[in-house]
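Engineer:
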Amino acid sequence: MRRGGGEDGIALLATMVVLVLMLSFGLSLLKIVDTQTDASGAQRQRDSTFNLAESALSAQVFSLARDWPGAGHSATPYTSCTQATATIRCPVGSQLIAGAAPDVQSGATWETSVHDNDAAGGTQFYSDALIRSRPGYDANGDGRLWVRARATAKARTRTLVALVGAELQEESIPQAALIGGKVEITNEGNKTLIAANGGLLAVRCTPQLLDLVPCLGHTFGSGKNSTLTELLNNLATQISGTTPTTGYTGTAGLSAEAQARLRATAIADGTYYATCPPVEALTGHIVWIESGNCTYSSNTVMNSAAKPGVLVLGSATITFGGSSKFYGVIYALNSANSTGWAVSTQGNSALITGGVIIDGAAGMSVGSSGLNIFFDPNAFRAVSSYGSAGVVQNTWREIQSG
């Protein structure tokens, strides 16, 4: 018998309502979790793509540090690199992809490129429209290049750029007015021909009585230079600011490693010459002449006191005549082991402001009628080579690109 007005089904109904509410809440929570998981995955993939682009940029900067493309690389500029490119100037594609996060390794691509910063407005601030058409070497010679790295993974693209600067490495070389195997002074005048200004003037030889080739300025044994003491007294009027050193056994010019770095720097800058170049080519940071007997009699001024240079002679010899003016350091490797004159000054007022370093038994012939060498220690700061490369502060950034 049913009781009228019974409420036996109320509990079931309430239970069903609670279950429906809990199920709805659970589904909503799962939806939120799923959305957040997708967002987290997308962010992780964006970060992983960013890291891949950053790795590519860093690897390209490292390549520039080993092989800086100076102004002499117009015929051999850096070209674009991708994961399929296999040259020593490019990052190693397999290593970059292997180092990326697992969720972006499949199908990921990257590209790097190097561009000069000589476009209008492109010296400090990057613009794809301005910079990407610029050559892949340091065409303007300011020691700075833009590096662009672009990575794409899971349909997400990140593009990074940075201005990279070449870092010069100072090379250790004796700072002296003149170091050589010997020195000859053909001018007999009672005037200053070498102003050492307190710097070293040294020869490796030892003066001998009536030597056929002068060791220290002039042959002694007759006339006003009848004794070594008289020779030294007379030289005091022609060499000021120091007392010459004979029998010098001190440090040679540069180590073989430093010579190789200077040579590579000259090649990078396009200032390496197999034989004697025109006189205007002697102006530059590092100029290297491999061989030849080079004579320049013009009135050309090479470099400046504010911006001195370095002239390296392999087996070459050089003679300055006229009113030639060279600011910087002349370093003769004397690679042919010559015993002659590696550097000569002649004419009315040929002048070297800086210093002269000559390896081995070769020497310098001083013959200009005026001052021939004016020692300037500041010129030796120019003896430097490309040592590394690094990102210029405040130039690294991410850009939007197509």
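Start counting the sequence shown at 9; every next residue gets the next number (my numbering).
Glycine included, every Cβ here is placed at the ideal spot set by N, Cα and C.
For clarity, every value in this text was computed on a predicted model and none was experimentally measured.
What would DSSP say about residue 241, mapped onto helix, strand or coil?
Structural biologist: Reduced to three states, the DSSP call for residue 241 is helix.
Engineer: Counting pairs of beta carbons, one from the stretch 301-309 and one from the stretch 360-372, are three or more of them closer than 8 Å?
Structural biologist: No: fewer than three Cβ pairs fall under 8 Å.
Engineer: Are residue 204 and residue 381 touching if we call contact CB-CB under 9 Å?
Structural biologist: Cβ atoms of residue 204 and residue 381: closer than 9 Å.
Engineer: Going by beta-carbon coordinates alone, are residue 118 and residue 163 separated by less than 9 Å?
Structural biologist: Result no, Cβ atoms of residue 118 and residue 163 do not sit closer than 9 Å.
Engineer: Beta-carbon within less than 7 Å of residue 86's beta-carbon, same chain only, minus the 5 sequence neighbours each way: which residues are those?
Structural biologist: These residues qualify, in order along the chain: 77, 97, 122, 144 and 145.
Engineer: State buried or exposed for residue 4, treating a residue as buried only when at least 16 other CB atoms are found within 10 Å of its CB.
Structural biologist: For the chain, the structure presents residues 9 to 410; residue 4 sits outside this window and is missing.
Engineer: At 3 residues or longer, what runs of the beta strand (DSSP E) sit wholly inside the stretch 290-377?
Structural biologist: With a minimum length of 3 residues, the continuous beta strand (DSSP E) runs that stay inside the stretch 290-377 are 294-297, 301-304, 317-321, 325-328, 333-340, 349-353, 359-366 and 371-374.
Engineer: Thinking C-alpha only, which one of 287, 216 and 256 is nearest residue 188?
Structural biologist: When each option's Cα is compared against that of residue 188, the closest is 256.
Engineer: Quick check on this structure: which residue in 397, 197 and 389 has the alpha carbon closest to the alpha carbon of residue 377?
Structural biologist: Answer by Cα proximity: 197.
Engineer: Roughly how many angstroms separate the alpha carbons of residue 136 and residue 321, rounded to a whole number?
Structural biologist: Computed Cα separation, rounded: 42 Å.
Engineer: Could you pull the start and end residues of the beta strand (DSSP E) that residue 178 belongs to?
Structural biologist: Counting along the chain, the beta strand (DSSP E) containing residue 178 begins and ends at 164-178.
Engineer: Once DSSP output is grouped into helix, strand and coil, what is the label at residue 399?
Structural biologist: Of the three classes helix, strand and coil, the one that applies to residue 399 here is strand, per DSSP.
Engineer: Under the assumption that residue 318 contacts residue 390 (Cβ atoms under 8 Å), give the Cβ distance between them as a whole number of angstroms.
Structural biologist: The Cβ separation is near 5 Å, so the contact holds.
Engineer: Based on Cα-Cα distance, which residue from 67, 363 and 149 lies nearest to residue 333?
Structural biologist: Per the Cα distances, 363.
Engineer: Roughly how many angstroms separate the alpha carbons of residue 250 and residue 383, rounded to a whole number?
Structural biologist: So the two alpha carbons sit approximately 11 Å from each other.
Engineer: Three-state secondary structure (DSSP) at residue 100?
Structural biologist: Reduced to three states, the DSSP call for residue 100 is coil.
Engineer: Which residue wins for smallest C-alpha separation from residue 54, given the options 24, 113, 231 and 269?
Structural biologist: If we check each option's Cα against that of residue 54, 113 comes out closest.
Engineer: Kindly list the residues whose CB is nearer than 7 Å to the CB of residue 392, restricted to its own chain and excluding five residues on each side of it in sequence; keep chain order.
Structural biologist: Hits under 7 Å: 176, 177, 178 and 179.
Engineer: Report buried or exposed for residue 47, applying the criterion of at least 16 other Cβ atoms within 10 angstroms of its Cβ.
Structural biologist: For residue 47, the predicted structure reports a pLDDT of 46, less than 50, and the residue's modelled location is therefore unreliable. The matter cannot be settled from this model.
Engineer: Once the 5 residues before and after residue 6 are set aside, which same chain residues still bring their CB inside 7 Å of it?
Structural biologist: Lying before the first or after the last residue shown, residue 6 is absent from the chain, which here runs from 9 to 410.
Engineer: Please state whether DSSP places residue 217 in a helix, a strand or coil.
Structural biologist: Note: residue 217 maps to coil in three-state DSSP.
Engineer: How many Å lie between residue 26 and residue 167 at the Cα?
Structural biologist: Whole-angstrom Cα-Cα distance: 52 Å.
Engineer: Would residue 283 be called buried (16 or more neighbouring beta carbons within 10 Å of its own) or exposed?
Structural biologist: Counting Cβ neighbours within 10 Å, residue 283 comes out exposed, since fewer than 16 surround it.
Engineer: Taking the C-alpha atoms as reference points, what is the distance between residue 281 and residue 293?
Structural biologist: About 14 Å.
Engineer: Could you tell me the distance, in whole angstroms, from the CA atom of residue 331 to the CA atom of residue 61?
Structural biologist: For residue 331 and residue 61, the distance between alpha carbons rounds to 56 Å.
Engineer: Helix, strand or coil for residue 257? Go by DSSP, reduced to three states.
Structural biologist: It is coil, neither helix nor strand.
Engineer: Under 9 Å, do residue 328 and residue 358 count as touching if we go by C-beta distance?
Structural biologist: In contact: residue 328 and residue 358 (Cβ atoms closer than 9 Å).
Engineer: According to DSSP, what are the bridge partners of residue 121?
Structural biologist: Answer is 156, bridged to residue 121.
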